[in-house]
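To convert, count from 1 in the sequence shown and add 8; that's the working numbering. One structure is given here, and the rest of the page talks about it.
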Amino acid sequence: MKCMYCGCTESKVIDSRSTDEGRTIRRRRECIQCGRRFTTYETIETTPVLVVKNGGNRQAFDPNKIKNGIIKACEKRPVSMSKIDKLVDEIKKRVYNSLEQEITSKQIGEMVMDGLKEIDEVAYVRYASVYRQFTDISSFMRELERMMNEEKNNKEEKPE
């Protein structure tokens, strides 16, 4: 690290502290040459991920948009904020761990629906109705029947 006062590249770390919920490290340094002290911050560099929308346009991945959509789907449901945050964190990890620079909104929507299905079926159906753009009651009923068949098959596979 280059000293901001004299330009020397040699310094020693006097103190290190974690800040920003562990995402940043604050380091107090002392220049070897002039003895003056300065502070540096070390953060994790993330590769920006772009979301490819259905129309083909791209925008930066924003976990807050996912969170807002999940909150809306879970409105007036017994779903805690910690469960919502956990789901958003899981999706965020999956997106960043894929090491891809682009992901489709369809892939993100599927991740959200998979998570909501585990948390609350009503929230899942609410989200699916907007995400899959149900145009009439029959498409909505097909989704409900598919869910019921899945649940039935899961119960048959796991005898109690």
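Glycine included, C-beta positions come from ideal geometry on N, C-alpha and C. Note that this is a predicted model, so its numbers are computed, not measured.
Sub-8 Å separation of residue i and residue j beta-carbons
| i | j | result |
| --- | --- | --- |
| glutamate 98 | glycine 117 | no |
| aspartate 28 | arginine 36 | no |
| serine 113 | lysine 61 | yes |
| isoleucine 78 | valine 133 | no |
| valine 96 | proline 71 | yes |
| lysine 91 | isoleucine 127 | yes |
| glutamine 109 | valine 57 | yes |
| tyrosine 104 | threonine 54 | yes |
Cα-Cα separation between residue i and residue j, rounded to whole angstroms
| i | j | result |
| --- | --- | --- |
| phenylalanine 46 | lysine 100 | 34 Å |
| asparagine 157 | glutamate 129 | 14 Å |
| glutamate 50 | arginine 25 | 10 Å |
| threonine 32 | aspartate 93 | 20 Å |
| alanine 131 | isoleucine 74 | 14 Å |
| isoleucine 111 | lysine 125 | 21 Å |
| methionine 89 | lysine 163 | 29 Å |
| arginine 44 | glycine 30 | 27 Å |
| leucine 152 | valine 59 | 29 Å |
| arginine 154 | arginine 140 | 14 Å |
| arginine 85 | glycine 63 | 32 Å |
Per-residue burial, residue i [other beta carbons within 10 Å of its own, 16 or more giving buried]
| i | result |
| --- | --- |
| alanine 68 | exposed |
| isoleucine 52 | exposed |
| valine 21 | exposed |
Other residues of its chain near residue i: CB distance less than 6 Å, five sequence neighbours each side excluded
| i | result |
| --- | --- |
| phenylalanine 148 | Phe142 |
| arginine 150 | none |
Beta-carbon contacts of residue i that lie in its chain and below 8 Å, excluding the five residues immediately before and after
| i | result |
| --- | --- |
| serine 42 | It is worth fixing the name first, because residue 42 is cysteine in this sequence and not serine. Cys11, Tyr13, Cys14, Cys16. |
| arginine 102 | Met119 |
Close beta carbons around residue i, own chain, < 7 Å, minus the five adjacent residues each side
| i | result |
| --- | --- |
| threonine 48 | Met9, Arg35, Arg37 |
| serine 19 | Met9, Cys11, Arg37, Glu38, Cys39, Ile40 |
Test: residue i CB closer than 8 Å to a CB of chain C
| i | result |
| --- | --- |
| arginine 154 | Note that chain C does not occur in the displayed structure, where there is just one protein chain. |
For a minimum of 3 consecutive residues, which ranges assigned as the beta strand (DSSP E) are wholly contained in the stretch 55 to 132? 58 to 60, 66 to 68, 110 to 112
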